[in-house]
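*Asks:*
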Amino acid sequence: MRRALTVRTGFVSVRIDRRMLVLAAVMLTVIVALALWAVTLGSFPISVGQVADTLLGGGGKAARKVVWEWRGPRIAAAILFGALLGMSGAVFQSLTRNPLGSPDVIGFNAGSYTGVVVAMMLGASGYAATVSAAVVGGLIAAVIVYALAFRDGVSGTRLILVGIAISLFFGGLNQWFAVTADVDEALRAAVWGAGSLAKVTPAAVAVAAAIALAALVIMPVAQRWMSMLELGDDTAAMLGLRLERTKALLVVFGILTTAVVTATAGPIAFVALAAPQIGRRLRGRGASVDLLSAALTGALILLAADIVAQHALPGILLPVGAVTVCAGGAYLLWLLAVEGRRR
Amino acid sequence: MSAIVSGPELIGEALRVGYRADAAILDGVDVRIPPGELTVIIGPNACGKSTLLRTLARILRPAGGAVLLDGADVRSLPSKVLARRLGMLPQSPIAPDGITVLDLVSRGRYPHQGILRSWSEDDERAVDDALIATGTLDLADRQMDELSGGQRQRVWIAMALAQQTSALLLDEPTTFLDIGHQNDVLELISGMRDASRTIVAVLHDINQAARFATHLIAMKDGRIVAEGRPTDIVTAELIDELFELRARILIDPAYGVPMVLPGG
Amino acid sequence: MTTTAPASALRRRSPAATASALAAWILILAVLCVASLAFGSAQIPLPELWRAALGSSDAISQATLLGLRVPRTALGVLVGAALGVAGALMQAYTRNPLADPGVLGVNAGAGLAITLAVAFLGVTRIQEYLPFAFIGALVAVILVYLLAAARERPPSPLRMTLVGVAASAVMVGLSQTLALIDVQAFDRMRFWGAGTIADRPSGVLEAVAPWIAIGLVLALMSGRALNAIALGEDLARSVGARVGLTRAGVAVSATLLCGAATAAAGPLAFVGLIVPHIVRPFTGPDQRRIIAFSAVVAPSLLLICDILGRFMAPGELQVGVVTALIGAPILALLARNPRAAHL
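Protein chains in written order, with my numbering: chain A, 3 to 345; chain B, 307 to 570; chain C, 798 to 1140.
1) Exposed or buried, what is N176 (chain A) when buried is set at 16 or more other beta-carbons lying within 10 Å of its beta-carbon?
2) Here's the rule: buried if 16 or more other CB atoms are within 10 angstroms of the residue's CB, otherwise exposed. What is V34 (chain A)?
3) Answer with buried or exposed for E343 (chain B), where buried requires no fewer than 16 other C-beta atoms within 10 angstroms of its C-beta.
4) Can you tell me whether R458 (chain B) is helix, strand or coil according to DSSP?
5) Mind checking which residues open and close the beta strand (DSSP E) that includes T11 (chain A)?
6) By Cβ distance below 6 Å, which residues in the same chain neighbour R17 (chain A) in space, the five residues on each side in sequence not counted?
7) Per the DSSP calculation, A378 (chain B) is bridged to which residue(s)?
8) My output table needs one value for I77 (chain A): the three-state DSSP class, helix, strand or coil.
9) Please decide whether G1112 (chain C) counts as near chain A, where near means a Cβ-Cβ distance under 8 Å.
10) Could you give the residue range of the alpha helix (DSSP H) that holds S424 (chain B)?
11) Give the single residue among C:I1104, C:P1073, C:I1127, C:A821 whose Cα lies nearest to the Cα of V1116 (chain C).
12) Taking only the alpha-carbon atoms, compute the straight-line gap between V185 (chain A) and F988 (chain C) and give it to the nearest angstrom.
13) Three-state secondary structure (DSSP) at S811 (chain C)?
14) Under the rule that 16 or more other beta-carbon atoms within 10 Å means buried, what is V566 (chain B), buried or exposed?
15) DSSP three-state label for Q397 (chain B), please.
16) Can you tell me which residues form a DSSP beta bridge with K526 (chain B)?
17) What would DSSP say about D19 (chain A), mapped onto helix, strand or coil?
18) What three-state label does DSSP hand E315 (chain B) in the structure shown?
19) In this structure, how does DSSP classify H510 (chain B) when only helix, strand and coil are distinguished?
20) Hey, would you say G91 (chain A) sits closer than 8 Å to L275 (chain A), going by beta carbons?
21) Tell me whether M968 (chain C) sits in a helix, a strand or coil according to DSSP, three-state version.
22) When DSSP builds the beta bridges, which residues end up paired with V346 (chain B)?
23) Of the residues that make up the segment 176-204 of chain A, which ones have a beta carbon closer than 8 Å to any beta carbon in chain C?
24) Return yes when the Cβ of T299 (chain A) is within less than 8 Å of the Cβ of G113 (chain A), no when it is not.
25) Grab me the residues of W1008 (chain C)'s own chain with a C-beta within less than 6 Å of its C-beta, minus the 5 sequence neighbours each way, in chain order.
26) Measuring straight from C-alpha to C-alpha, what distance separates L1098 (chain C) and G990 (chain C)?
27) List, from N- to C-terminal side, the alpha helix (DSSP H) runs of 4 residues or more that fit wholly inside the segment 180-205 of chain A.
28) Between T958 (chain C) and chain A, is the shortest Cβ-Cβ distance under 8 Å, so that the two count as touching?
29) What does DSSP give as the partner residue(s) for I339 (chain B) in the beta ladder?
30) Taking only beta-carbon positions, decide if G393 (chain B) is within less than 8 Å of chain A.
31) Could you please tell me which residues of the segment 226-260 of chain A, in chain order, have their CB closer than 8 Å to any CB of chain B?
32) What number of angstroms, rounded off, separates the C-alpha of A816 (chain C) from the C-alpha of M450 (chain B)?
33) Applying a beta-carbon distance threshold of less than 7 Å, which residues of chain A neighbour G990 (chain C)?
34) Is it buried or exposed, D1083 (chain C), if we count other Cβ atoms within 10 angstroms and call 16 or more buried?
35) Does DSSP put A369 (chain B) in a helix, a strand or coil?
36) Quick check on DSSP: helix, strand or coil for Q973 (chain C)?
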């Protein structure tokens, strides 16, 4: 009768949803398989067997170069960034109790774009400058949104509305830049603004991996908080949750996970929005947004999108953000339609 | 038989509570919830009864005065500690889409759990007991949004029971239910009455209050105008003062409690 | 004058008071038009303006300036009126105080259609892409409303805003993606993308004026029915309002107004949002008056933004940027209003 697996060993006593376990296993398998296949794509031919060989330590010099230096980091980045974006989206959607409450909507992306724009205007266009500018810009936007939305606590509705307003504000600034800069600069900013994994360095991947690991550790705690907050502020408070502190910490978690990705790859639209919703539907009817399925789904989505971005149109390298916008957009509108009909 | 442990005593001292700085809803209210009783707070709309309950539950922060649980200021208690002793069922609780009964009731165990100990045998037992006590065991795998209003309310009460607190506060637990379900819920609450437990409920309906309460608190305009046993304080004068309604008071022949019949 | 709130909302404003308020606003608009002609990178003193109006202009430079500023001012009036009235219509029909052609995605729809036309059909003249703008606006109107109403009828303001923002994000994303692929399209579209009434190609004014005029007339005609619909569709039907006809009328009107305005000046957000709020203290809840006043106040607002834009930065700030910078904080403030939490 019970769908859960109870594990009691030593001082650990937890209950794990069986279905979630199966889903996680399946998704990890799919991700690994897709990743292996992705390494074989491209102008330099390499087979799956060679890839596996190289990963285990063997392989020829060329194969090693392809796997560890050319394609591997980008694929790893897609998986890690996708997972981080998915988690970020899950946090905000849970906090705002709204499937459309996502960091892209709430002004973070627009703010980090503005940060990069300001950096470009000041003449700093190196990698480090871009990254820090993106983080600073995004954080400033997030702080403004949070501060404006805070009035005896934060209501999900107000957060979204203020987020939209601030997003449009920074969007205005970005538009101004797009017009006053010369075409090349504007184009460069626009390309960055679409989000791309092309220039991801192994160092960036390492940072993302570290953050992802930390997120993994924090996940159970964050997930419990989110589950309690879902019950409404009153009930959560009654069950002993420290409301404002918990919400603030979750917001910080959500922003940091997005910031890492945006700083490195530019704002990638729609993964944070779509991944939690798809993940929750995969878990079965009636499940609510959760971090693990969102992370796995996000990783899968971004990996698939990056493969499409690189290989779908012969001769054209699309920024991955462009693919996620088109696919994400279509998905989003479908989601809105289906959600409506279900009622 | 276990030793008789007296239920907790909730006291509000000089409570001053207001949503806006100028208009205080409660201005210097002193209230004592007697231990082991089923206390019901009644009064006309906007008399402050929900506000008082929520202040006692530490959901609202009073601008002045203090709430004491067994002598300790509730604000000095850590959230989880308080949550193990005092539970409240809010007026319109939100259930996330598609959550199952079992999942929801299990969340009531939060104050007793840690990260690594999130489903101990105590937790399992508490949830089972709560489901049995509210008659919802057979609904355990159903989703909340499939249930009727009465069933849902019983599940929420199960969640509060799973919390295993000695003080339980309920904010209008019967609103939006039809009369049959209202009665079920009230019988359930009444059945939970125990010397070791203190229950406080805000009710809308004076007759329900008179029937089930062992201690009644009547409020109007943010003040307590009467308190005591229903048979003692429910009089035509009180009804007139509270609701500006001329009414007759009859004694219910079956239960010996006052019944209010409008019309002089 | 200090009755309780509901009573004062029903209190009839004397026609004389309303008429004088309207006259005052028309006067303000006239003053702003003159100011728009006079101010800018070079000021034209009033006596010169007067002489030019009478037909004799002395210095050639002034004639050139006027040649630029007259169409700019005229376009500002037309586009402002179009957006303001469209916003009033949307707010009235959806009973959503946050409705706005920009926020609800209508402008983005027009924009996407135009981008598609520019990128794939090589269209350059406004007479050619105007029909696309109409189609795009209409599709967006229908799409957003249907999606929002799928879940609950009438859709809650929050849901409409979210659906609008999501649809807008998708359409803008697609436009930007298209622009990234085709650099020429990017260059051509980036100026339009900021929203500007200056330096528009010749013929723009003549192309859009008739459509805006038709849209305005349709809007005014819908005013009475909108008053009834404010009570809810069922109640409106019971007092004899033709709900279906009005819905069509509003949709057509909004399409014409937004499509034309966006084709002419690019996407301008917030004008439609703010103006009805500014106007309501003068008009009360009567939609006919709100629409009439919006048609005058909105151009005033737009001209103010345009004039400010001439001074706010070295080089000019496009009016679209100014409206975003000013409008966003106002939206944020509106969202902070406690009633917003119940949307």
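Backbone N, C-alpha and C fix where the C-beta goes; we use that ideal spot for every residue, glycine too.
*Replies:* Taking the geometry as given:
1) Translated into the one-based positions of the first sequence, residue 176 (chain A) becomes position 174. Burial call: buried.
2) Within the first sequence, the letter at position 32 stands for residue 34 (chain A). By the neighbour-count rule (16 or more Cβ atoms within 10 Å), V34 (chain A) is not buried but exposed.
3) Looking up residue 343 (chain B) in the second sequence gives position 37. By the 10 Å Cβ count, E343 (chain B) comes out buried.
4) Working through the second sequence from its first residue, we reach residue 458 (chain B) at position 152. Helix, per DSSP.
5) Here residue 11 (chain A) corresponds to residue number 9 of the first sequence, with the count starting at 1. Residues 6-11.
6) Your numbering for residue 17 (chain A) matches position 15 in the first sequence. Counting only Cβ-Cβ distances below 6 Å, and skipping sequence neighbours, we find A6, T8.
7) Here residue 378 (chain B) refers to the residue found at position 72 when the second sequence is read from its first residue. DSSP output for A378 (chain B) lists B:L375 as bridge partner(s).
8) Walking along the first sequence from the start, residue 77 (chain A) turns up at place 75. Three-state DSSP puts I77 (chain A) in a helix.
9) As a working mapping, residue 1112 (chain C) is identified with position 315 in the third sequence. Interface residue, yes.
10) Against the second sequence, residue 424 (chain B) aligns to sequence position 118. From DSSP, S424 (chain B) is part of no alpha helix (DSSP H); its letter is neither H nor E.
11) Start at 1 with the first residue of the third sequence, and residue 1116 (chain C) comes out as number 319. Of the listed residues, the one whose Cα sits closest to V1116 (chain C) is C:I1104.
12) Position 183 of the first sequence, counting from 1, holds the residue named residue 185 (chain A). Position 191 of the third sequence, counting from 1, holds the residue named residue 988 (chain C). So the alpha carbons of these two residues sit roughly 11 Å apart.
13) As a position in the third sequence, residue 811 (chain C) is number 14, starting the count at 1. Coil at S811 (chain C), not helix or strand.
14) Taking the first residue of the second sequence as position 1, residue 566 (chain B) is located at position 260. With 16 or more other Cβ atoms within 10 Å, it is buried.
15) Position 91 of the second sequence, counting from 1, holds the residue named residue 397 (chain B). Correct three-state label for Q397 (chain B): coil.
16) As a first step, residue 526 (chain B) must be located in the second sequence, where it is residue number 220. Answer is B:R529, bridged to K526 (chain B).
17) Looking up residue 19 (chain A) in the first sequence gives position 17. Three-state DSSP puts D19 (chain A) in a strand.
18) Position 9 of the second sequence, counted from the first residue, corresponds to residue 315 (chain B). The answer is coil: DSSP assigns E315 (chain B) none of H, G, I, E or B.
19) Translated into positions along the second sequence, residue 510 (chain B) becomes position 204. In this structure, H510 (chain B) counts as coil in the three-state DSSP scheme.
20) Start at 1 with the first residue of the first sequence, and residue 91 (chain A) comes out as number 89. Start at 1 with the first residue of the first sequence, and residue 275 (chain A) comes out as number 273. In contact: G91 (chain A) and L275 (chain A) (Cβ atoms closer than 8 Å).
21) In the third sequence, counting from the first residue as 1, residue 968 (chain C) sits at position 171. Note: M968 (chain C) maps to helix in three-state DSSP.
22) As a first step, residue 346 (chain B) must be located in the second sequence, where it is residue number 40. DSSP lists B:A507, B:L522 as partners of V346 (chain B).
23) Q177, W178, A180, V181, T182, V185, A188, L189, A192, V193, G195, A196
24) Counting from one through the first sequence, the residue named residue 113 (chain A) turns up at place 111. Counting from one through the first sequence, the residue named residue 299 (chain A) turns up at place 297. Taking 8 Å as the Cβ cut-off, G113 (chain A) and T299 (chain A) do not qualify as a contacting pair.
25) For the purposes of this step, residue 1008 (chain C) is taken as the residue at position 211 of the third sequence. Only L1053, A1057 meet the Cβ criterion.
26) Within the third sequence, numbered from 1, the residue matching residue 1098 (chain C) stands at position 301. Within the third sequence, numbered from 1, the residue matching residue 990 (chain C) stands at position 193. Their backbone Cα atoms lie some 20 Å apart in a straight line.
27) 185-196
28) Here residue 958 (chain C) refers to the residue found at position 161 when the third sequence is read from its first residue. So yes, T958 (chain C) belongs to the interface.
29) The residue you call residue 339 (chain B) lines up with position 33 of the second sequence. In DSSP, I339 (chain B) forms a bridge with B:L316.
30) Stepping through the second sequence from its first residue, residue 393 (chain B) is reached at position 87. With 8 Å as the cut-off, G393 (chain B) counts as an interface residue toward chain A.
31) R226, S229, M230, E232, L233, G234, D236, T237, A239, M240, L241, G242, L243, R244
32) Counting from one through the third sequence, the residue named residue 816 (chain C) turns up at place 19. Counting from one through the second sequence, the residue named residue 450 (chain B) turns up at place 144. Cα-Cα distance, rounded: 57 Å.
33) Taking the third sequence and counting its residues from 1, the one referred to as residue 990 (chain C) is at position 193. Within 7 Å Cβ-Cβ: Q177, A180.
34) Position 286 of the third sequence holds residue 1083 (chain C). When all chains shown are included, D1083 (chain C) counts as buried.
35) Here residue 369 (chain B) corresponds to residue number 63 of the second sequence, with the count starting at 1. In this structure, A369 (chain B) counts as coil in the three-state DSSP scheme.
36) One-based indexing of the third sequence puts residue 973 (chain C) at position 176. Note: Q973 (chain C) maps to helix in three-state DSSP.
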